[in-house]
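There are 4 protein chains.
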Amino acid sequence: MDTNKKTYILTGSSGSKLGVLDLIIGCLYRHECYAYEIHTFDDNDVERFFFRVEFHYIGDGEFSEESLRSQFADRAKAFDAEWDLRDLSIPDKLVILVSKYDHCLEDILHRYRTGAFNIEIPAIISNHPDLKALADWHNIPYYHLPITEETKLQQEAEVWEIIQRVDADLVVLARYMQVLSDDLCRKLHGRAINIHHSLLPGFKGAKPYHQAYEKGVKLVGATAHYVSKDLDEGPIITQLVEPVDHTYTPEGLIAKGRDTERLALVRAIKLHVERRCFLNGSKTVVFPGH
Amino acid sequence: MDTNKKTYILTGSSGSKLGVLDLIIGCLYRHECYAYEIHTFDDNDVERFFFRVEFHYIGDGEFSEESLRSQFADRAKAFDAEWDLRDLSIPDKLVILVSKYDHCLEDILHRYRTGAFNIEIPAIISNHPDLKALADWHNIPYYHLPITEETKLQQEAEVWEIIQRVDADLVVLARYMQVLSDDLCRKLHGRAINIHHSLLPGFKGAKPYHQAYEKGVKLVGATAHYVSKDLDEGPIITQLVEPVDHTYTPEGLIAKGRDTERLALVRAIKLHVERRCFLNGSKTVVFPGH
Amino acid sequence: MDTNKKTYILTGSSGSKLGVLDLIIGCLYRHECYAYEIHTFDDNDVERFFFRVEFHYIGDGEFSEESLRSQFADRAKAFDAEWDLRDLSIPDKLVILVSKYDHCLEDILHRYRTGAFNIEIPAIISNHPDLKALADWHNIPYYHLPITEETKLQQEAEVWEIIQRVDADLVVLARYMQVLSDDLCRKLHGRAINIHHSLLPGFKGAKPYHQAYEKGVKLVGATAHYVSKDLDEGPIITQLVEPVDHTYTPEGLIAKGRDTERLALVRAIKLHVERRCFLNGSKTVVFPGH
Amino acid sequence: MDTNKKTYILTGSSGSKLGVLDLIIGCLYRHECYAYEIHTFDDNDVERFFFRVEFHYIGDGEFSEESLRSQFADRAKAFDAEWDLRDLSIPDKLVILVSKYDHCLEDILHRYRTGAFNIEIPAIISNHPDLKALADWHNIPYYHLPITEETKLQQEAEVWEIIQRVDADLVVLARYMQVLSDDLCRKLHGRAINIHHSLLPGFKGAKPYHQAYEKGVKLVGATAHYVSKDLDEGPIITQLVEPVDHTYTPEGLIAKGRDTERLALVRAIKLHVERRCFLNGSKTVVFPGH
Chain A
32 MDTNKKTYIL
42 TGSSGSKLGV
52 LDLIIGCLYR
62 HECYAYEIHT
72 FDDNDVERFF
82 FRVEFHYIGD
92 GEFSEESLRS
102 QFADRAKAFD
112 AEWDLRDLSI
122 PDKLVILVSK
132 YDHCLEDILH
142 RYRTGAFNIE
152 IPAIISNHPD
162 LKALADWHNI
172 PYYHLPITEE
182 TKLQQEAEVW
192 EIIQRVDADL
202 VVLARYMQVL
212 SDDLCRKLHG
222 RAINIHHSLL
232 PGFKGAKPYH
242 QAYEKGVKLV
252 GATAHYVSKD
262 LDEGPIITQL
272 VEPVDHTYTP
282 EGLIAKGRDT
292 ERLALVRAIK
302 LHVERRCFLN
312 GSKTVVFPGH
Chain B
32 MDTNKKTYIL
42 TGSSGSKLGV
52 LDLIIGCLYR
62 HECYAYEIHT
72 FDDNDVERFF
82 FRVEFHYIGD
92 GEFSEESLRS
102 QFADRAKAFD
112 AEWDLRDLSI
122 PDKLVILVSK
132 YDHCLEDILH
142 RYRTGAFNIE
152 IPAIISNHPD
162 LKALADWHNI
172 PYYHLPITEE
182 TKLQQEAEVW
192 EIIQRVDADL
202 VVLARYMQVL
212 SDDLCRKLHG
222 RAINIHHSLL
232 PGFKGAKPYH
242 QAYEKGVKLV
252 GATAHYVSKD
262 LDEGPIITQL
272 VEPVDHTYTP
282 EGLIAKGRDT
292 ERLALVRAIK
302 LHVERRCFLN
312 GSKTVVFPGH
Chain C
32 MDTNKKTYIL
42 TGSSGSKLGV
52 LDLIIGCLYR
62 HECYAYEIHT
72 FDDNDVERFF
82 FRVEFHYIGD
92 GEFSEESLRS
102 QFADRAKAFD
112 AEWDLRDLSI
122 PDKLVILVSK
132 YDHCLEDILH
142 RYRTGAFNIE
152 IPAIISNHPD
162 LKALADWHNI
172 PYYHLPITEE
182 TKLQQEAEVW
192 EIIQRVDADL
202 VVLARYMQVL
212 SDDLCRKLHG
222 RAINIHHSLL
232 PGFKGAKPYH
242 QAYEKGVKLV
252 GATAHYVSKD
262 LDEGPIITQL
272 VEPVDHTYTP
282 EGLIAKGRDT
292 ERLALVRAIK
302 LHVERRCFLN
312 GSKTVVFPGH
Chain D
32 MDTNKKTYIL
42 TGSSGSKLGV
52 LDLIIGCLYR
62 HECYAYEIHT
72 FDDNDVERFF
82 FRVEFHYIGD
92 GEFSEESLRS
102 QFADRAKAFD
112 AEWDLRDLSI
122 PDKLVILVSK
132 YDHCLEDILH
142 RYRTGAFNIE
152 IPAIISNHPD
162 LKALADWHNI
172 PYYHLPITEE
182 TKLQQEAEVW
192 EIIQRVDADL
202 VVLARYMQVL
212 SDDLCRKLHG
222 RAINIHHSLL
232 PGFKGAKPYH
242 QAYEKGVKLV
252 GATAHYVSKD
262 LDEGPIITQL
272 VEPVDHTYTP
282 EGLIAKGRDT
292 ERLALVRAIK
302 LHVERRCFLN
312 GSKTVVFPGH
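Residue numbers (our numbering), protein chains in the order written: chain A, 32 to 321; chain B, 32 to 321; chain C, 32 to 321; chain D, 32 to 321.
Shown next as structure tokens:
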């Protein structure tokens, strides 16, 4: 295969019915699109069929994305399909929300800088000024929007205005120590990822490492999940752990846990950006990536 | 060092005070005991000092365990010390409680049979007859003590009678699907280990894998812990995890989780038998072993 | 989907050409076969396309396996395809070769006994009598075929005769401490799995744990691989590791390593039996399983 | 314990003889030093006893480090002891050597900046100019010392001059793509750490990820080790792995492997700086840290 060809991804879900896969593969075939990576998942509980197909156009002429779209759209209705076709050369636009901790932000920025994911970062927003220098060094606009109890909703409105203005594909809460309102959670449904510093459902809420210390657990971990209005309850994307023991103080657990937070978060971002993650009720379908 | 010498272990805890370590090491030195492996932990929160010292007698004469004991006992009082001296060549006596699942039992018996731990197993007790053949094959007495709601206390009394009669050092609940009474928990304080099939504190109680399925977690795990009267709340000894994804049914989670259950349990047993585990309130101190 | 339907698996590889996937999916569609799990891999280096499709027949009539086969066979030629269609309800027949160590054998037998894989075990062959009792307990014929330098080829001929007689689908070397002849390796190409007790390519050959001890590594591991005539060089299926440190003697490494050997081996067997493994030159393609 | 007290660490090794531990603990006791963390290891093969004791002075007066040193020094001779006493409040001085890759450097600098290790970094040296901006941003002097085949020894002399001038405690090769001369290796014996991007002893030398790709391994890893004159053969400190599969290209392996490189390296640095690592011939003794 000529890997200089543009990469497209067709993703979606449909009812669990005979014919949907034939439709997908047939449409691609007739458009001279070579599908080299296919993932599917059939959820028996809810009778939904999830799919992700990565392909190149390998014909001699010009690939007509429009023709593929319209042919597929017509017939997909019969299968109760929701779907998306995406040219993977177009980078996703990420808006990052942070407070004062920089370990997750720095890891995202390092991978962004070295081309590890195909993203743009048009805005970093924080309720504190501390991480401005790091943003500046990466030439990324930094919005310092402080929060007080009185200004919380006003601040959120400003956050939302920025998200809309830069046309963000994804919002990442990289240890943003604020709870989003139900309204903003709803607006960001399926396109906001949070990192929680515990292995959910253990240790929800505040100070999970202190809870872990009190409990005397032998593993600490982190959970990247889609944001939902119920705090720390959103669909889980990735989870990682590290072994610990009785010699760890809460501070030691925090330090060790950070190694899981940043990795769980950057992996979730990469999976999302590569269109490998699907919401499935309160759970996710995550096709394997790297 | 001559490894044919008998191995002794001195374990215990004391107040966090200057002098206790000098006392331990000094006593051993004066008795010509070479301490080649020492672990200590000072818990700042509760001002307790935990210690485990493994040693050989290397003098030319006869080692007087009694002399060491009495010398140490006298002086240890000043440090509010609880301690134990043990000749490691004497095997621990394990009583195993099971129901119908054999994966944990089989792993314990395999290691027992191949000499991986220094134990004897004078009794396997079950509320079902299913695993008798496995016990028979290992020449271990199997006590089938069925339970009904009415006979629960009577059955427990019989269990306790066997534990006492065989003079068990340790009771292992190897997927014993019964809740012990508060009274029996109290009697077995610090010498009964349970395996719970989740990563506590997540998914306490019944059907943890089904809970994990509903939640859509990306890791399943198991927790070996000392039994306490609060169900699934006892001090944690070991925890292990395995990665899973959306393709796992509850049955798939159960199967994968078993690989963590049996390993977490046999490792906890080995750590306990080698006197590496200490109760420390609702937590444990576990010095590293293999 | 009605999960009482028979499960079939279509596996194979073809040239990396447009049309092969359309052929597969189209054939299944026309035969009213619902493909709910599809894995594909396109190897750019060798221009080969690997596929595995799991499906049920969901029509009202009777599924004609023959019709599907003949329709697919005709057209698959154009794609240089090698393929196989299998009714997953038919168990694979495993022949197990062992010497004296029982940890891998016992784990396989435990999973066999509890239905964790869909297999039959018509023969266990060993050059030692030691594990006969374990085989007997599982009602599996045990062939004790001793080896001396002089009788090696004769013994191998007997091994081969048994493999043929029981019509083995897979031969598993579960710590069989003998090197197979080139001839037998060739005959068993792609259907014999060995477990090597190191993380290959580190520590090939004899006594890998002793080599690991001398080297002072901080991880030990095991590698399950297809048997090839070059010792410890066959295509790798699974690899697992466990952390170790300076306190491990060679015996300690052996004990810890066993936990990786048996798990790496049983997982490789399960992946093979579920038709998730493909030879790809000196490497494998292994589609994810549980 | 009053944790505001200065922390000292006594480390060393001696012959495996009765009395050395009594000497250590006795000296500390007589100086009113409370030893709260002790690690020991007795290597039977070479009859060497390794020790690390962390302690505070808890007397009412002034701690006389000199008195402790002299008392200990006198008596330690009888045990063929090499030892060191260190005030842990004094930061280690690290010199970092890099080429163009920044993932390891950035991780070290992040932890340095956020106080995760107690170090100073008086110099970053590179044969390329690329990472100057990163050094500048952390206010660390950056020395660009290019190498050609002709200037290699001259360049090394300059490197050595800087190491001496800043009085470096530790030299870290954070993906420095140059082989040090035997002479410099000897000068840096026991105080230079390299990160090799494979799980040694697998895949020594150049392009280990490409070797791993050709071999088709299912795990990639990294090894942090002390530098020795035999390339990629120095005593191993830490090793980490990540699972991979057939879908990884060499570039994919490189990307995934980096997550192990940086973590293996920063953990090795932390263990060294906290005086938990000891050379033991071609191996290490590494007492557990966080």
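Yeah, the Cβ is synthetic: ideal placement off N, Cα and C, and Gly gets one too.
At a cut-off of 7 Å between beta-carbon atoms, I267/C makes contact with chain D.
Counting only runs that start and end inside the stretch 123-179 of chain D, the beta strand (DSSP E) elements of at least 3 residues fall at 123-129, 150-157 and 173-175. Scanning V258/B, Q102/B and Y132/B for the CA closest to the CA of R142/C turns up Y132/B. Close CB contacts of P281/D within its chain, under the 6 Å cut and outside five residues either way in sequence, are with Y240, H241 and Y244 (chain order). Residues are counted here when their Cβ sits less than 7 Å from a Cβ of chain A; for the stretch 144-162 of chain C the count is zero.
CA-to-CA, the gap between D115/A and E151/D works out to about 51 Å. Within the stretch 239-293 of chain A, the complete alpha helix (DSSP H) runs of at least 4 residues fall at 239-246. Counting only Cβ-Cβ distances below 7 Å, D290/B has contacts in chain C at L294, in chain order. For the C-beta of G312/C, not a single chain B residue is nearer than 9 Å; the gap to the nearest is close to 28 Å. At least one CB atom of chain D sits nearer than 7 Å to the CB of H141/A. Considering only beta carbons, the part of the stretch 67-85 of chain C lying closer than 9 Å to chain A consists of Y67, E68, I69, H70, T71, F72, D73, N75, E78, F80 and F82, in chain order. Going by C-alpha positions, E273/B is about 6 Å away from L250/B. For the C-beta of K301/D, not a single chain C residue is nearer than 9 Å; the gap to the nearest is close to 15 Å. In this structure, DSSP gives E192/A a helical state, which the three-state scheme calls helix.
DSSP places R83/D within a strand segment (E or B) once states are collapsed to three.
By the rule that beta-carbons nearer than 7 Å mark a contact, E273/A does not touch chain D. Each of P122/D, R100/D, Y65/D and L54/D was checked against the Cα of A109/D, and the nearest Cα belongs to L54/D. At a cut-off of 7 Å, the C-beta of E137/D has a neighbouring C-beta in chain A. Secondary structure at E181/A: coil, using DSSP grouped into helix, strand and coil. Annotated three-state conformation of F318/B is coil, per DSSP.
S120/A counts as exposed, since fewer than 16 other beta carbons sit within 10 angstroms of its beta carbon. Our two residues, S45/D and E68/D, have alpha carbons roughly 19 Å apart in a direct line.
For the pair D200/A and D123/A, the CB atoms are nearer than the 7 Å cut-off. Taking the CA atoms as reference points, G90/C sits about 36 Å from S95/A.
Secondary structure of S44/B (DSSP, three-state): strand. Against chain B, the CB of I56/D has a partner CB under 7 Å away; the residue lies at that interface.
Nearest to F103/A by alpha-carbon distance, out of H62/A, C135/A, I139/A and H70/A, is H62/A. Closer than 8 Å at the C-beta level to chain D, one finds no residue of the stretch 240-258 of chain A. If you draw a straight line from the Cα of V84/C to the Cα of L49/A, it comes to about 14 Å.
Within its own chain, the residues whose Cβ lies closer than 6 Å to the Cβ of R298/D, once the five positions on either side in sequence are excluded, are T269, listed in chain order. For the 7 Å CB-CB criterion, D213/D and K260/D form a contact. In the structure shown, V51/A falls within a helical segment according to DSSP collapsed to helix, strand and coil. In the DSSP assignment, R106/D falls within the alpha helix (DSSP H) that extends over E96 to A107.
Near chain A, meaning a CB-to-CB distance below 7 Å, the residues of the stretch 82-108 of chain C are I89. Ranking S313/A, L230/A, L302/A and E181/A by CA distance to the CA of G265/A puts S313/A first. Take A166/A, set aside five residues on each side of it, and the residues of its chain with a beta-carbon closer than 6 Å to its own are I155 and Y173, in chain order.
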